[in-house]
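Peer 1: Line order of the protein sequences matches chains A and B. Under the working numbering, the residues of the first sequence are numbered 1 to 142, in order. Under the working numbering, the residues of the second sequence are numbered 1001 to 1142, in order. Every residue, glycine too, gets a C-beta built ideally from N, C-alpha and C.
Number of protein chains: 2
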Amino acid sequence: MLYGITGGLLIVLMRLVEYKYLVIENSVAMYGGLVAALFTCLGIYFGLKLTRTKEVIVEVPVNSPGVPFKPDEKKKAELGITNREFEILEHMARGLSNREIANTIFVSENTVKTHTSKLFEKLNAKRRTQAVQNAKNMGLIP
Amino acid sequence: MLYGITGGLLIVLMRLVEYKYLVIENSVAMYGGLVAALFTCLGIYFGLKLTRTKEVIVEVPVNSPGVPFKPDEKKKAELGITNREFEILEHMARGLSNREIANTIFVSENTVKTHTSKLFEKLNAKRRTQAVQNAKNMGLIP
DNA sequence: CCGTATTTCATACTTTCGTATGAAGCGTTT
DNA sequence: AAACGCTTCATACGAAAGTATGAAATACGG
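Given below as structure tokens:
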């Protein structure tokens, strides 16, 4: 109904304009453009009005999976843990041996040992298991 | 751009139709209607595309606080882990050395070693760090 | 360009861990 | 009682882990 009325009004308007103010050369194009613009707006309006999806807030109780986990960078910097050291910490937490870590990141086993030793100092640990546990408690690793 | 092209095509089409098939009485109305319908669709499309609200999912991290954690007794029985072994596993996960565990539960270090060895078999681990990690993944320890 | 931090690696040594094997004491179950 | 499982412990050896020290290359900021 609204559509019909709008259309009718438009036509009337166009007729009036056409007769009153003379016919411009590309009047069809101009009128077409006007109509197009107007109905585009109408389309947008109705499109939104009719199908607007409500904002749905779903609270999902998640423990770890889902939340990607973000290492505590503050703590990391606070303890002066370098990137390389942190990398090794992660592998350590996964249960890898020094040799396996060395092979994984392509350095010598001795290098891994130096890193781990420094990590133990910074994490205040005496053993790798303790280092992992402490790192976990500090929010450095999941 | 898309708009311009569409408009141009429409005009050309209308011209062709107009000259070829004669002029109907209310041609302006008809063409207008066509244009209106077409651009209404366009409007709906863009309206939806540009402003559709997404479903918002809020993930509420509920980890340990609230849930005291209950070790998976099924898994424990399934793997044939005895109480004593599990006790040692817990201490191991806390980062204690064999000697410390021995002193804690008042047994010899050798005893702890036998327990740990059996644990490694049952948990399919080669190292204590790996054992802890696997136990964690299986839900045996937090 | 110099100093500092990071990363790499080595050598040597100590400590801890992990495995293998055997054995003894103790409850339960059969 | 015999068998079985759990716990305890020992000895001995090999394999990792961890410590100490020194050194060199790279990167980065002043």
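Compare the C-beta of A:Gly-95 with all C-beta atoms of chain B and state if any pair is closer than 7 Å.
Peer 2: For this step, residue 95 of chain A is matched to residue 95 along the first sequence. For A:Gly-95, the answer is yes, since a Cβ of chain B falls inside 7 Å of its Cβ.
Peer 1: So which residues on chain A does B:Met-1092 lean against when the C-beta distance must stay under 9 Å?
Peer 2: Numbered from its first residue, the second sequence carries residue 1092 of chain B at position 92. Ordered by position in chain A, the residues that pass the 9 Å Cβ test against B:Met-1092 are Thr-129.
Peer 1: Look at B:Arg-1128 and A:Thr-129 and say whether their C-beta atoms are less than 7 Å apart.
Peer 2: Along the second sequence, one-based indexing puts residue 1128 of chain B at 128. Along the first sequence, one-based indexing puts residue 129 of chain A at 129. Cβ distance < 7 Å, so B:Arg-1128 and A:Thr-129 count as in contact.
Peer 1: Among the candidates B:Val-1112, B:Glu-1100, B:Asn-1137, whose CA atom is the shortest distance from the CA of B:Glu-1085?
Peer 2: Residue numbering aside, residue 1085 of chain B sits at position 85 when the second sequence is read from its first letter. It is B:Val-1112 whose Cα lies nearest to the Cα of B:Glu-1085.
Peer 1: Which residues in the same chain as B:Ala-1135 place their Cβ atom closer than 8 Å to its Cβ, once the five residues preceding and following it in sequence are excluded?
Peer 2: For the purposes of this step, residue 1135 of chain B is taken as the residue at position 135 of the second sequence. So the list reads Leu-1089, Ala-1093, Leu-1123, Ile-1141, once near-sequence residues are dropped.
Peer 1: Is it the case that the Cβ atoms of A:Leu-119 and A:Ala-102 are separated by a distance below 7 Å?
Peer 2: Numbered from its first residue, the first sequence carries residue 119 of chain A at position 119. Numbered from its first residue, the first sequence carries residue 102 of chain A at position 102. Against a cut-off of 7 Å, the Cβ pair of A:Ala-102 and A:Leu-119 comes out as no contact.
Peer 1: Which residues in the same chain as A:Met-138 place their Cβ atom closer than 6 Å to its Cβ, once the five residues preceding and following it in sequence are excluded?
Peer 2: Here residue 138 of chain A refers to the residue found at position 138 when the first sequence is read from its first residue. Excluding sequence neighbours, A:Met-138 sits near Lys-75.
Peer 1: Go ahead and pull the three-state DSSP assignment for B:Phe-1120.
Peer 2: The residue labelled residue 1120 of chain B in the question sits at position 120 within the second sequence. Three-state result, B:Phe-1120: helix.
Peer 1: Under 7 Å, do A:Arg-99 and A:Glu-109 count as touching if we go by C-beta distance?
Peer 2: Indexing the first sequence from 1 puts residue 99 of chain A at position 99. Indexing the first sequence from 1 puts residue 109 of chain A at position 109. Cβ atoms of A:Arg-99 and A:Glu-109: closer than 7 Å.
Peer 1: Starting from the Cα of A:Glu-121, find the closest Cα among A:Ser-97, A:Ile-81, A:Phe-106, A:Val-107 and give me that residue.
Peer 2: Translated into the one-based positions of the first sequence, residue 121 of chain A becomes position 121. When only C-alpha atoms are compared, the closest one is A:Ile-81.
Peer 1: For a test of the three-state rule: what should DSSP assign to B:Thr-1082, helix, strand or coil?
Peer 2: Within the second sequence, numbered from 1, the residue matching residue 1082 of chain B stands at position 82. DSSP places B:Thr-1082 in coil when its eight states are reduced to three.
Peer 1: Alpha helix (DSSP H) containing A:Pro-67: first to last residue?
Peer 2: Here residue 67 of chain A refers to the residue found at position 67 when the first sequence is read from its first residue. Checking the sequence, you will find Val at residue 67 of chain A rather than Pro. No alpha helix (DSSP H) contains A:Val-67, which DSSP labels as neither H nor E.
Peer 1: Taking just the CA atoms, how far does A:Ala-125 sit from A:Glu-73?
Peer 2: To locate residue 73 of chain A, count along the first sequence from 1; it is residue 73. To locate residue 125 of chain A, count along the first sequence from 1; it is residue 125. Whole-angstrom Cα-Cα distance: 19 Å.
Peer 1: Using three-state DSSP, classify A:Leu-89 as helix, strand or coil.
Peer 2: Walking along the first sequence from the start, residue 89 of chain A turns up at place 89. It is helical.
Peer 1: How would you write the range of the alpha helix (DSSP H) that A:Lys-136 sits in, first residue to last?
Peer 2: Counting from 1 along the first sequence, the entry for residue 136 of chain A is found at position 136. Start and end: 128 to 137.
Peer 1: Hey, how far is the Cα of B:Asn-1083 from the Cα of B:Phe-1106?
Peer 2: Taking the second sequence and counting its residues from 1, one reaches residue 1083 of chain B at position 83. Taking the second sequence and counting its residues from 1, one reaches residue 1106 of chain B at position 106. Whole-angstrom Cα-Cα distance: 16 Å.
Peer 1: Quick one: Cα of B:Thr-1114 to Cα of B:Leu-1096, how far?
Peer 2: Taking the second sequence and counting its residues from 1, one reaches residue 1114 of chain B at position 114. Taking the second sequence and counting its residues from 1, one reaches residue 1096 of chain B at position 96. Using only the alpha carbons, I get a separation of about 16 Å.
Peer 1: Find the residues of chain A that neighbour B:Ala-1125, judging by a C-beta separation of less than 9 Å, and give them in chain order.
Peer 2: The count along the second sequence starts at 1 and reaches residue 1125 of chain B at position 125. By Cβ distance, chain A contributes Gly-95.
Peer 1: Mapping the DSSP letters down to three states, classify A:Pro-71 as helix, strand or coil.
Peer 2: Mapped onto the first sequence, residue 71 of chain A falls at position 71. Here A:Pro-71 sits in coil by DSSP.
Peer 1: Tell me which residue opens and which closes the alpha helix (DSSP H) that A:Ala-102 is part of.
Peer 2: In the first sequence, residue 102 of chain A corresponds to position 102, counting from 1. Start and end: 98 to 105.
Peer 1: Roughly how many angstroms lie between the CA atoms of A:Pro-68 and A:Glu-78, to the nearest whole one?
Peer 2: The residue given as residue 68 of chain A occupies position 68 in the first sequence. The residue given as residue 78 of chain A occupies position 78 in the first sequence. One C-alpha to the other measures close to 22 Å.
Peer 1: Could you have a look at B:Ala-1125 and say whether DSSP puts it in helix, strand or coil?
Peer 2: The residue labelled residue 1125 of chain B in the question sits at position 125 within the second sequence. In this structure, B:Ala-1125 counts as coil in the three-state DSSP scheme.
Peer 1: Going by other Cβ atoms of all chains shown within 10 Å of its Cβ, with 16 needed for buried, is A:Gly-32 buried or exposed?
Peer 2: The residue labelled residue 32 of chain A in the question sits at position 32 within the first sequence. Confidence at A:Gly-32 is low in this model, with a pLDDT of 45, below 50, so the placement of that residue should be treated as unreliable; the coordinate-derived value is given next. Buried is the call here.
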